[in-house]
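What follows is a single structure, written as structure tokens, with notes after it.
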Amino acid sequence: ISKNTSDSIALASLNQLEKSVLKSVELRVTRKQLMDRGEILDKNLRLTDALKKYRKIATGYQDELTTQAMYKIGKTYFRQRKYTRAITEFQKIKSYMAGPGYFTSALYQIGRCYRRLNQHQVARKHFNSFSKKYHWSKFADDALYHQARLYEVDSDTKSAIKLYKKMIELYRHSELVPRAYWRIGWTQFKAKKYDDSITTFQKLVSLFPQNGWSLAADYWIAKVQEKQKNWDKAKRNYQRISESHKWYYGNLAGHRIESRAETNLASHQENSKKKDWKSIGKNKTKRTKKLMDLKLYADAIIELKTIIKAKKSNQRDNYYNLVVCYEKLEDFKKAHYYAEILAKFWDLQRGDLIPTGLLRMLYPLHYKDQIKKHATEYKIDPFFVSSMIREESRYNPSVISPAGACGLMQIMPQTGKYISKQINMKPFHREMLFHPEVNIRLGTWYMKNLMDKFENSMELASGAYNGGTNRIKRWQKNMETTDIEEFIEDIPIDETRRHIKKVIDSYYTYKELYSEFVAQPDQK
1179 ISKNTSDSIA
1189 LASLNQLEKS
1199 VLKSVELRVT
1209 RKQLMDRGEI
1219 LDKNLRLTDA
1229 LKKYRKIATG
1239 YQDELTTQAM
1249 YKIGKTYFRQ
1259 RKYTRAITEF
1269 QKIKSYMAGP
1279 GYFTSALYQI
1289 GRCYRRLNQH
1299 QVARKHFNSF
1309 SKKYHWSKFA
1319 DDALYHQARL
1329 YEVDSDTKSA
1339 IKLYKKMIEL
1349 YRHSELVPRA
1359 YWRIGWTQFK
1369 AKKYDDSITT
1379 FQKLVSLFPQ
1389 NGWSLAADYW
1399 IAKVQEKQKN
1409 WDKAKRNYQR
1419 ISESHKWYYG
1429 NLAGHRIESR
1439 AETNLASHQE
1449 NSKKKDWKSI
1459 GKNKTKRTKK
1469 LMDLKLYADA
1479 IIELKTIIKA
1489 KKSNQRDNYY
1499 NLVVCYEKLE
1509 DFKKAHYYAE
1519 ILAKFWDLQR
1529 GDLIPTGLLR
1539 MLYPLHYKDQ
1549 IKKHATEYKI
1559 DPFFVSSMIR
1569 EESRYNPSVI
1579 SPAGACGLMQ
1589 IMPQTGKYIS
1599 KQINMKPFHR
1609 EMLFHPEVNI
1619 RLGTWYMKNL
1629 MDKFENSMEL
1639 ASGAYNGGTN
1649 RIKRWQKNME
1659 TTDIEEFIED
1669 IPIDETRRHI
1679 KKVIDSYYTY
1689 KELYSEFVAQ
1699 PDQK
């Protein structure tokens, strides 16, 4: 457990050990073991329980383990969005005789907290001081980036671009460099300096061709060309991006030229006819085959993991069969985890396309009867609901977020209580959110409610689902654009911006994969 705190069996093992310790007077738990327990609880999103372990470690001692526990307490409060309490904890490390690593880390985290609290001037001053005084720190590039971003958000684009360029110059190997190039290009685009914007975006694509920010830059080069009424160039770029099947932007590009829906799925289906997919899963050991034939899927999983660990041949088949077994056991979270590993056997960067069968594993229609039932009841697209479930929980009905959101559609208990009153579902209690039927009903009603508030815009409803209705309305009021794609790129909170893109990309993928889902009733 100490070596594998994020292992899938670590939490179950910890629960058994806790019971044993309670029963025995001889077993003693060391502070290091308490730290391991805290990390297991932390990684399983049981943050309140993790905090108790960390506090126990930090109480009555003054050593490195104490500092580590204090830092983890601050980070846990940050994850819970309790930023003021997090600042208090990080300040303790600042005044404590901590090692330089924890000291500078805590200082940096304080700046992040101020930014999350929208205290921009305080945060900027903090990051400015940090980047100058601790230029050697692993967080120095982050501090410069945050400082630039705050200037950008506050409309001081000149200072923002100056700091982005400074960060690129000083920390050329930083993973934030592509993002800084993107922000410079985007700032130029917003200022209608279209030629400068194209030049910056092209440099980003040239230097970092496989980076996610390059995908965005590539698409927006075409958008700028379209704005400049250079439609021939824009169309060629849209066509290339669409045919490359790049996440989110491939869908957008295809819809700009109205070709994606006809060509995309056909390419994946063609790949499904190839020998390596048609025969996948058939190459089993005798023992694996027998266990699966007898529907002893839990035992088959143990066998398959042993084979995979031994690094024997036919790994692609082994991972495929793992996905099948987990799906049969309705452990959809693990099924999706291993489907993502299976997808890595196709070289996407070289242009290989994932077969349709594997796409259906990555974009499954679990709980389809419940989804269709409540989507019909509340008059909302079932693919939109499926996309939200996929991105919120990966179809894990028991997941709890750091903020306390529960179940498939990640509903906060107070939101669930409010919705239950609206639909006359009484009585309501938090545990109901872990029942798929209830969670889907409440979440689907809430999605429809948001769609009504935002004139049936899936993008805005997705943003409100993640970031809150008031935030989206405030951003709408402050942003001078009617282009929904531009609005999404301009959203200042990374999590909300990514959430919208993920949900919309999944929506188009579901529509392509399961056209029969809406047209025909379920036959289970």
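Under the working numbering, think of the first position of the sequence shown as 1179, with each following residue one higher. All residues carry an ideal CB built from backbone N, CA and C; glycine is no exception.
- With a threshold of 16 other CB atoms inside 10 Å of the CB of I1601, please say whether the residue is buried or exposed. By 1-based counting over the sequence shown, the position of residue 1601 is 423. Residue environment for I1601: exposed (fewer than 16 other C-beta atoms within 10 angstroms of its C-beta).
- Task: Excluding the 5 residues preceding and the 5 following F1632 in the sequence, name in chain order all residues of the same chain whose CB lies nearer than 6 angstroms to its CB.
- Result: As a working note, residue 1632 is residue 454 in the sequence shown. L1638, A1639, listed in sequence order.
- Task: Measure the CB-CB distance between G1252 and A1264 and report whether it falls below 7 angstroms.
- Result: Translated into positions along the sequence shown, residue 1252 becomes position 74. Translated into positions along the sequence shown, residue 1264 becomes position 86. Cβ distance < 7 angstroms, so G1252 and A1264 count as in contact.
- Who pairs with I1662 in a beta bridge, going by DSSP? Taking the sequence shown and counting its residues from 1, the one referred to as residue 1662 is at position 484. Beta bridge pairing from DSSP links I1662 with no other residue.
- Please determine if the region 1662 to 1671 and the region 1555 to 1562 are in contact, where contact requires at least 3 C-beta pairs separated by less than 8 angstroms. no
- Item | Proximity to M1629 [Cα-Cα], best of G1641, R1619, L1341 | Taking the first residue of the sequence shown as position 1, residue 1629 is located at position 451. When G1641, R1619, L1341 are compared, the shortest CA-CA separation from M1629 is found for G1641.
- Message: So, for F1561: in the same chain, excluding its five sequence neighbours on each side, which residues have a beta-carbon less than 6 angstroms away from its beta-carbon?
- Response: In the sequence shown, residue 1561 corresponds to position 383, counting from 1. So the list reads Y1685, Y1688, K1689, once near-sequence residues are dropped.
- Message: Contact defined as beta carbons within less than 8 angstroms: I believe A1394 pairs with W1425. What is the distance between those atoms, to the nearest angstrom?
- Response: On the sequence shown, position 216 is the one that residue 1394 refers to. On the sequence shown, position 247 is the one that residue 1425 refers to. Wrong, their Cβ atoms sit about 10 angstroms apart, outside the cutoff.
- Message: Relative to the C-alpha of W1398, which candidate in F1379, T1647, A1513 has its C-alpha closest?
- Response: Stepping through the sequence shown from its first residue, residue 1398 is reached at position 220. Checked all of F1379, T1647, A1513; the closest Cα to W1398 is F1379.
- For S1437, three-class secondary structure by DSSP: By 1-based counting over the sequence shown, the position of residue 1437 is 259. Bear in mind that the predicted position of S1437 carries a pLDDT of just 46, short of 50, making it unreliable; the figure below should be weighed with that in mind. Three-state result, S1437: coil.
- Query: Taking Cβ to Cβ, would you say F1510 is nearer than 7 angstroms to H1544?
  - Reply: Position 332 of the sequence shown holds residue 1510. Position 366 of the sequence shown holds residue 1544. Remark: C-beta atoms of F1510 and H1544 approach each other more closely than 7 angstroms.
- Message: With DSSP as the reference, identify every bridge partner of I1589, one or two as the case may be.
- Response: The sequence position of residue 1589 within the sequence shown is 411, counting from 1. Answer is C1584, bridged to I1589.
- Message: Out of M1566, T1593, A1369, Y1643, which one is the CA nearest neighbour of V1402?
- Response: Within the sequence shown, residue 1402 is the residue found at index 224, counting from 1. Among M1566, T1593, A1369, Y1643, the Cα nearest to that of V1402 belongs to A1369.
- Task: List the endpoints of the continuous alpha helix (DSSP H) containing A1358.
- Result: In the sequence shown, counting from the first residue as 1, residue 1358 sits at position 180. 1355 to 1368 is the span of the alpha helix (DSSP H), which, as asked, contains A1358.
- Tell me, please, which residues DSSP counts as bridged to I1578. As a first step, residue 1578 must be located in the sequence shown, where it is residue number 400. DSSP, once it has assigned bridges, lists C1584 as partnering I1578.
- Give the DSSP-derived three-state secondary structure of R1572 in the structure shown. As a working mapping, residue 1572 is identified with position 394 in the sequence shown. Coil, per DSSP.
- Go ahead and pull the three-state DSSP assignment for R1528. Here residue 1528 refers to the residue found at position 350 when the sequence shown is read from its first residue. Unreliable positioning characterises R1528 in this predicted model, as indicated by a pLDDT of 48, which lies under 50. The coordinate reading is nonetheless provided below. In this structure, R1528 counts as helix in the three-state DSSP scheme.
- Message: By the three-class DSSP mapping on this structure, what secondary structure does A1247 have?
- Response: The count along the sequence shown starts at 1 and reaches residue 1247 at position 69. Here A1247 sits in helix by DSSP.
- Return yes when the Cβ of I1597 is within less than 7 angstroms of the Cβ of L1611, no when it is not. For the purposes of this step, residue 1611 is taken as residue 433 along the sequence shown, with counting starting at 1. For the purposes of this step, residue 1597 is taken as residue 419 along the sequence shown, with counting starting at 1. No, the pair does not count as a contact, with Cβ atoms beyond the cut-off.
- Query: At what residue ranges does the region 1483 to 1542 contain a whole run of the alpha helix (DSSP H), taking only runs of 4 or more?
  - Reply: 1493 to 1506, 1510 to 1521, 1534 to 1540
- N-terminal and C-terminal residue of the alpha helix (DSSP H) that L1205 is part of: Sequence index remark: in the sequence shown, residue 1205 carries index 27 (1-based). Premise fails: L1205 is in no alpha helix (DSSP H) and is neither H nor E.
- Query: Just how far apart, CA to CA, sit K1413 and D1396?
  - Reply: Indexing the sequence shown from 1 puts residue 1413 at position 235. Indexing the sequence shown from 1 puts residue 1396 at position 218. Each residue's Cα considered, the two are about 13 angstroms apart.
- When you compare only the Cα positions, how much space is there between Y1329 and R1290? Counting from one through the sequence shown, the residue named residue 1329 turns up at place 151. Counting from one through the sequence shown, the residue named residue 1290 turns up at place 112. When rounded, the distance between both Cα atoms is 15 angstroms.
- Query: How is N1461 classed by DSSP in three states: helix, strand or coil?
  - Reply: As a first step, residue 1461 is located in the sequence shown; it is residue number 283 there, counting from the start. The answer is coil: DSSP assigns N1461 none of H, G, I, E or B.
- Message: Taking its Cβ as the centre, do 16 or more other Cβ atoms sit within 10 Å of S1693, making it buried, or is it exposed?
- Response: By one-based count along the sequence shown, residue 1693 stands at place 515. Exposed: under 16 other Cβ atoms inside 10 Å.
- Message: Helix, strand or coil for H1677? Go by DSSP, reduced to three states.
- Response: By 1-based counting over the sequence shown, the position of residue 1677 is 499. Looking at H1677 - three-state DSSP - the assignment turns out to be helix.
- Message: Using only the alpha-carbon positions, how far apart do G1428 and S1420 sit?
- Response: Stepping through the sequence shown from its first residue, residue 1428 is reached at position 250. Stepping through the sequence shown from its first residue, residue 1420 is reached at position 242. Roughly 4 angstroms between the two C-alpha positions.
- Message: Rounded to the nearest angstrom, what separates L1219 and D1374 at their Cα positions?
- Response: For this step, residue 1219 is matched to residue 41 along the sequence shown. For this step, residue 1374 is matched to residue 196 along the sequence shown. Spanning the two alpha carbons is a distance of roughly 49 angstroms.
- Exposed or buried, L1348, counting other C-beta atoms within 10 Å across all chains shown (16 or more means buried)? In the sequence shown, residue 1348 corresponds to position 170, counting from 1. Counting C-beta atoms within 10 angstroms of its own C-beta, L1348 has fewer than 16 neighbours from the protein chains shown and is therefore classed as exposed.
- Give the straight-line distance between the Cα atoms of G1621 and M1566, rounded to the nearest whole angstrom. Counting from 1 along the sequence shown, the entry for residue 1621 is found at position 443. Counting from 1 along the sequence shown, the entry for residue 1566 is found at position 388. Those two C-alpha atoms are separated by around 9 angstroms.
- Item | Selection from Y1323, W1364, M1213 that minimises the alpha carbon distance to S1392 | Taking the first residue of the sequence shown as 1, we reach residue 1392 at position 214. The option with the nearest alpha carbon to S1392 is W1364.
- Message: Taking 7 angstroms as the threshold (C-beta atoms), are Y1475 and L1507 in contact?
- Response: Counting from one through the sequence shown, the residue named residue 1507 turns up at place 329. Counting from one through the sequence shown, the residue named residue 1475 turns up at place 297. A contact, by the Cβ cut-off of 7 angstroms.
- Measure the alpha-carbon distance for R1608 versus G1594 and round it to whole angstroms. Translated into the one-based positions of the sequence shown, residue 1608 becomes position 430. Translated into the one-based positions of the sequence shown, residue 1594 becomes position 416. Those two C-alpha atoms are separated by around 8 angstroms.
- Query: Should E1505 go down as buried or exposed, given a rule of 16 or more other Cβ atoms within 10 Å for buried?
  - Reply: Indexing the sequence shown from 1 puts residue 1505 at position 327. Answer is buried; the Cβ neighbour count reaches 16.
- Distance, R1302 Cα to L1295 Cα: The count along the sequence shown starts at 1 and reaches residue 1295 at position 117. The count along the sequence shown starts at 1 and reaches residue 1302 at position 124. Answer to the nearest angstrom: the Cα atoms are 12 angstroms apart.
- Query: Grouping DSSP H, G and I as helix and E and B as strand, with all else coil, what is K1473?
  - Reply: Residue 1473 sits at position 295 when you count from the first residue of the sequence shown. Of the three classes helix, strand and coil, the one that applies to K1473 here is coil, per DSSP.
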